[in-house]
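Chemist: Taken in order, these protein sequences are the chains called A and B. Just so you know, we're using my numbering here: the first sequence kicks off at 7 and counts up by one. Just so you know, we're using my numbering here: the second sequence kicks off at 7 and counts up by one. Backbone N, C-alpha and C fix where the C-beta goes; we use that ideal spot for every residue, glycine too. Note that this is a predicted model, so its numbers are computed, not measured.
Number of protein chains: 2
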Amino acid sequence: MRQVAARAGVAVSSVSRVLSKHPDVSPRMRDKVLTAVADLGYEPDLLAQSLRRGATLTIGFVVGDISNPLFSEIVLGAEVALQGAGYSLLVTNSRGMSEHDVEHIRLLNQRRVDGLLLSVSNERNTATIEELSRFHAPCVVIDRELPEAHGLGAVLSDHRTGIEQAVSHLAELGHRRIGFVGGSLDVRPTRARTQALLEACAASGVEAIPRCQSFTAEFGRTASRELLDLDDAPTAIIAGGNQILTGVLRTIRDRGLEVPGQLSLVTCDHLALAEFLQPPIATIDRDTFRMGRRAAEILLEMVRFGGDPRDLLPVTFAPGASCGPAPQR
Amino acid sequence: MRQVAARAGVAVSSVSRVLSKHPDVSPRMRDKVLTAVADLGYEPDLLAQSLRRGATLTIGFVVGDISNPLFSEIVLGAEVALQGAGYSLLVTNSRGMSEHDVEHIRLLNQRRVDGLLLSVSNERNTATIEELSRFHAPCVVIDRELPEAHGLGAVLSDHRTGIEQAVSHLAELGHRRIGFVGGSLDVRPTRARTQALLEACAASGVEAIPRCQSFTAEFGRTASRELLDLDDAPTAIIAGGNQILTGVLRTIRDRGLEVPGQLSLVTCDHLALAEFLQPPIATIDRDTFRMGRRAAEILLEMVRFGGDPRDLLPVTFAPGASCGPAPQR
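#1: When the cut-off is 8 Å and only beta carbons count, does A/N131 lie next to chain B?
#2: Looking only at its chain, what residues have a beta carbon closer than 6 Å to the beta carbon of B/R316, apart from the 5 residues adjacent to it on each side?
#3: With a cut-off of 8 Å, does the C-beta of B/T98 fall near any C-beta of chain A?
#4: Identify, in the order they occur along the chain, each residue of the same chain with its Cβ nearer than 7 Å to the Cβ of B/M103, setting aside the five sequence neighbours on each side.
#5: Three or more beta-carbon pairs under 8 Å between the stretch 301-308 of chain B and the stretch 114-127 of chain B, yes or no?
#6: Would you mind listing the alpha helix (DSSP H) stretches within the stretch 275-323 of chain B that are 4+ residues and don't spill past its ends, in chain order?
#7: Is it buried or exposed, B/E85, if we count other Cβ atoms within 10 angstroms and call 16 or more buried?
#8: For B/T273, name the three-state secondary structure that DSSP assigns.
#9: Can B/S163 and B/S210 be called in contact, C-beta distance under 8 Å?
#10: In chain B, which residues lie with their C-beta within 7 Å of the C-beta of A/A280?
#11: By the criterion of Cβ-Cβ separation under 8 Å, what are the contact partners of A/T134 in chain B?
#12: Can you look up A/H165 in the DSSP assignment and give me helix, strand or coil?
#13: From the DSSP output, read off the bridge partner residues of B/T64.
#14: Is the CB of B/L101 under 8 Å away from at least one CB in chain A?
#15: For the pair the stretch 233-243 of chain B and the stretch 183-192 of chain B, tell me if three or more CB-CB distances fall below 8 Å.
#16: Suppose you measure from the CA of B/L203 to the CA of B/Y93; what does that come to, to the nearest Å?
#17: Quick one: what's got a C-beta closer than 8 Å to A/A133's C-beta in the same chain, skipping five residues either side?
#18: Name the two residues that bound the continuous alpha helix (DSSP H) containing B/R101.
#19: Give the single residue among B/G188, B/E224, B/D192 and B/S220 whose Cα lies nearest to the Cα of B/A214.
#20: Where does A/L57 sit, in a helix, a strand or coil, going by DSSP?
#21: For A/A14, which residues in the same chain have their Cβ closer than 6 Å to its Cβ, ignoring the five residues on either side in sequence?
#22: Quick check: what's the CA-CA separation for A/P285 versus A/A278?
#23: Find the nearest neighbour of A/R194 within the set A/T228, A/V31 and A/G70, judged by alpha-carbon distance.
#24: For A/S73 and B/Q334, what's the separation of their Cα atoms in angstroms?
#25: Per DSSP, A/S125 is paired with what?
#26: Between B/P325, B/L179, B/R8 and B/F311, which lies nearest to B/L46 when the distance is taken from Cα to Cα?
#27: Do B/R217 and B/E232 have their C-beta atoms closer together than 8 Å?
#28: Which two residues bound the contiguous alpha helix (DSSP H) that contains B/A42?
#29: Distance, Cα to Cα, A/T167 vs B/D149?
#30: Do we get a CB-CB distance below 8 Å when we pair A/G72 with the residues of chain B?
#31: With 8 Å as the threshold, decide whether the Cβ of B/R261 is near any Cβ in chain A.
#32: Looking only at its own chain, which residues have a Cβ that is under 7 Å from the Cβ of A/H276, when we skip the five neighbours before and after it?
#33: Would you say B/E224 faces chain A, with C-beta separation under 8 Å as the test?
#34: Taking the alpha-carbon positions, what's the A/R310 to A/A61 distance?
#35: Roughly how many angstroms separate the alpha carbons of A/S56 and A/A11, rounded to a whole number?
#36: Rank B/L269, B/E264, B/Q219 and B/L234 by C-alpha distance to the C-alpha of B/Q249 and give the top, closest one.
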């Protein structure tokens, strides 16, 4: 920095102000310093620099399970918003294991990211909540519920509306028993969808039969088998996740069931290639790119101004040929 | 550290050796120090610590485009190998833009990761190559070709074998013109597939008609349209990527083409839900989880012992009902 100051003909403190993006710097001073930096091939040591000024211009993103294609769009949306503000994004993947949520929050804390996006794999894990309470910077949860705390923002999905629309559509088609195969109840989406299903079905005089456990194709397959083996089997199934859908489709293929003739099918969240399935599958959908972008915008707002803003984003039901009149049994 | 030393009844230098995982530490000393650390709730400052000992126990992964579902399996494989060795993975996403490759390599360099996995979006970008030449730690490319350098390992896919098997299958079915819709020629997979296609077709007396530009559904759609509008249109198309396949399928749907009656179809790399398409699509496939795991294993080997190991992993063709006899025109 002394060499840069000498070359630019300014004080060392001015170089420091320019490099730390201090607001109180004239454009002329900025030009001088940055020209000297370029001339000298000066590479600021980000680590040492961050220790001094406490900002790293990076944001961490703790993803619960990156193998869910949902997250690639959320990451994309977050990056577009962050890049516009000069921030980089570091993503970690917990592979569905809460102990990795904890490790990654700790790692990103130690690495001094300026903020955290959170889509943890288990929001009820006490070690996760403890680790977050020690986090030094603002956090925004994406469709997760954590104990309310200062410096915790949220972007949530309005699952209720999407489920209500799907149940109402199925009830109009004469379905009286609707099965739901959901993922882990340790995250908000499954709880919100299940609760909405129970209430919407009760309001329509329809029986809701939820089976929730895990966001895997394997669980989707076994849970849908169990539902179809009930004496009063559901005539429609809602798959509560991408990998779950794959499992439900395998059961349908194994049993040679006709959709929608023998079973109506609805899924949650868009998936590539779904548009080419025959019949196309009715989908309870949301704009995941927008979720990522809003979460990043809220986080940047918190980095600058504090607070704990929350936003609820829409979920809508798009009917499809996979839903038809309930079969007479 | 002084408090830990006092509580454990050892020298400060012993605490430092234990926390930096120095090999020359007795199990008894290690126990004493770690017990004192736990008793005091001592949280080592990873940043300061890494400045002293030069290791962060983190690995960076520069992904060219995380929206390709291929990468979630590669990331998963890498994490399984890294976690076993006590390392965490930080992932960045370049969104297909080479300037972000450069930024992210620089960021991970400044953040002192102990090694880098690379699947850059453009391997011919000179700024990327320059930035890598300044990188302080070993790197492993995943199916990319970069100028050979000390400390650059590689995990490559044997695209040639997969393409040869597909071409041979199509030639046996009587196809005499095979179209290929490929992604960017700035990355190895597209070049290797195109080269293999040209040679395999020449050897079988078949005409190869490649169209390569971009890994997007939009390009897949327009390029497949153009191929089908040729006077001598191909009777079979190979889609060279996930999003490209979506575009080719849209063209097939737009034109109401029957697969395989009017057009045979092959795709590269497995995709969720592809198993449920009618007809199921013949696929040139590879074990992406294994690619990620091998890349991480090679990187850890380099971190410990140096060198620049390379590994070539298999690619195989799985026939499917989307390939049938060439139509007579």
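Modeler: For this structure:
#1: By this cut-off, A/N131 is not an interface position.
#2: Within the same chain, A160 come within 6 Å of B/R316 by CB-CB distance, once the 5 residues on both sides are set aside.
#3: The beta-carbon of B/T98 is placed less than 8 Å from the nearest beta-carbon of chain A.
#4: Taken in chain order, the residues that qualify are S127.
#5: Between the stretch 301-308 of chain B and the stretch 114-127 of chain B there are three or more C-beta pairs closer than 8 Å, enough to call the two in contact.
#6: Complete alpha helix (DSSP H) runs here, min 4: 294-311.
#7: Its Cβ being crowded by 16 or more others within 10 Å, B/E85 is buried.
#8: Strand, per DSSP.
#9: No, Cβ-Cβ distance for B/S163 and B/S210 is not below 8 Å.
#10: Simply L279.
#11: For a Cβ distance threshold of 8 Å, nothing in chain B lies close to A/T134: the least Cβ distance comes to about 16 Å.
#12: Helix at A/H165.
#13: B/T64 is bridged to B/S94.
#14: In the sequence on display, residue 101 of chain B carries Arg and not Leu. It does; some Cβ of chain A falls within 8 Å.
#15: In this structure the stretch 233-243 of chain B lies against the stretch 183-192 of chain B, because at least three pairs of beta carbons, one per stretch, are closer than 8 Å.
#16: Cα-Cα distance, rounded: 40 Å.
#17: The residues are S104, E105 and V108.
#18: In the DSSP annotation of this structure, B/R101 is not part of any alpha helix (DSSP H), being labelled neither H nor E.
#19: Comparing Cα-Cα distances from B/A214 to each of B/G188, B/E224, B/D192 and B/S220, the minimum goes to B/G188.
#20: Confidence at A/L57 is low in this model, with a pLDDT of 45, below 50, so the placement of that residue should be treated as unreliable; the coordinate-derived value is given next. A/L57 carries a helical assignment under DSSP once its states are collapsed to helix, strand and coil.
#21: Contacts found: K38, V39 and A42.
#22: A straight-line Cα-Cα distance of about 15 Å links A/P285 and A/A278.
#23: Proximity to A/R194 across A/T228, A/V31 and A/G70 peaks at A/G70, based on C-alpha coordinates.
#24: Approximately 43 Å, taken between the alpha carbons.
#25: A/V69, per the DSSP bridge assignment.
#26: The shortest Cα separation from B/L46 among B/P325, B/L179, B/R8 and B/F311 belongs to B/R8.
#27: Yes; because the gap between Cβ atoms is below 8 Å, this pair is in contact.
#28: P33 to L46 is the extent of the alpha helix (DSSP H) around B/A42.
#29: If you take the alpha carbons of A/T167 and B/D149, they lie about 44 Å apart.
#30: According to the sequence provided, residue 72 of chain A is Ile. The question's Gly does not apply to it. Closer than 8 Å to some Cβ of chain B, the Cβ of A/I72 qualifies, so yes.
#31: It does not: the Cβ of B/R261 has no partner Cβ on chain A nearer than 8 Å.
#32: Contacts found: T289 and D291.
#33: No - not a single Cβ of chain A is within 8 Å of the one on B/E224.
#34: Roughly 12 Å between the two C-alpha positions.
#35: Caution is warranted here: a pLDDT of 43 is assigned to A/S56, below 50, making its placement in the model unreliable, and the coordinate value is therefore given only provisionally. Distance between A/S56 and A/A11, taken at the CA atoms: about 20 Å.
#36: For the set B/L269, B/E264, B/Q219 and B/L234, the Cα lying nearest the Cα of B/Q249 is the one of B/Q219.
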